[in-house]
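So the structure is just underneath, and the comments pick up after that.
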Amino acid sequence: DVRCFNINAMPAMRLSPPPLLVDIDSVCGICRQKSLDLWKSNLQDQCICKDCLESGEQQPGESLSCPGSLFKCGYQSDVVPNCLNHLRTCPRRPTACPNECPYVLSKADLPRHMTEECPKRTQECRFCSGHFFVSEIRAHYDECPDYPVTCQFCSQVDIRRGNLDAHGTNCRKTPKRCKLASLGCTFKAPDDEMERHMTLDKHVFYFHQLQMQVNRLEALLRREGHRETGGHDRGEEC
C-alpha cells in the first residue's frame, strides 16, 4: 500500500502550499528550517537537514538515518557524502505531491498516487469532456449540461440535461401552464388534461377580464385621438 501522511490530520502547524510533512521532527535542529529531507541522529533527539549536513554540522561519531525511514528505509551512515549520494537515489525519500494536495509520500509511490489516489488529480467528464478534480466529479455530474437524464413525466431516457426544457415543450405528459395564465389562470397540467380545461365555461371570468382590458385600451386610444385632433384644429385656426 502507498504510505502517505495527511497533513490535515497532524496536530502540529501546517505549512503553506506546497504542503510538507509537519510533525515533531519536521524542523532541522540546527537551522530551525522546515524540510522533508531530515536525517535522524543517533546521538541527540533532533534531526539535521541536508543543507546543514553539507555545511559540516554533523557531530563526531554521529550516525544518521535516512529521511526515508518514515517509509521504512533502513539506510544509516556516519559519512556525509555517502548520505547525500544515497538520498539522491532513495526510492523512499519523502516527497510532497506536486498537485499541492495535503499528502507526503515516498518517491517511489508518487506516480501511483498522482494517477490513482491524489484528491487533486483531474478527471475528464465523459459527457461534456470538461476536466475536474476527481473529488468534485460527482458534484459536476449533478449539474453537467450533457449528462443524460430521464424525463420524470414520460420516462424517456438519455435526454441531455441541457435539452430537458426543450423536451418538456413538446412532451405531452409534461405539465404546462394554461394559455390564459397572463390573465390570472393558475391551472397547470399535461396536454390531454389541458385540452379538457380549455373550455369557455372554465374561463368566463378570465375572458371577462380580457374584455375589460380591451375596453380600457380602446378608451385610452380614443382619448389620445381626441387630443391630437383638437390640437391640430387649434393650430389651423391660428
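The sequence shown maps to residues 169 to 406 in my numbering. Even glycine gets a Cβ: it sits at the ideal position worked out from N, Cα and C. All of these numbers come straight from a predicted model, not from anything done at the bench.
For S233, the pairing in a beta bridge is given by DSSP as K208 and Q244. Within the model, the alpha-carbon separation for G224 versus I305 is close to 50 Å. Around the beta carbon of F375, a 10 Å sphere encloses fewer than 16 other beta carbons of the protein chains shown; the residue is thus reported as exposed. Setting aside the 5 residues that flank it on each side, W207 is surrounded in the same chain by C215, I216, C217, K218, L221, L232, S233, C234, P235 and C251, each with a C-beta closer than 8 Å to its C-beta; the list follows chain order.
Taking C-beta separations shorter than 7 Å and ignoring five residues to either side along the sequence, the partners of C196 in its chain run S203, L206, C215, I216, C217 and C220, following chain order. The residue from A264, Q227 and R280 with its alpha-carbon nearest to that of D246 is Q227.
Under the three-state reduction of DSSP, S223 is assigned to coil, being neither helix nor strand. In this structure, the alpha-carbon of A334 lies about 27 Å from that of F300. DSSP, read as helix, strand or coil, puts Y309 in helix.
Taking 8 Å as the upper bound for CB-CB distance, R345 and D359 are not in contact here, some 12 Å apart. DSSP places A276 in no beta strand (DSSP E); its state is neither H nor E. Here A387 is exposed: its Cβ has fewer than 16 other Cβ atoms, across all protein chains shown, within 10 Å.
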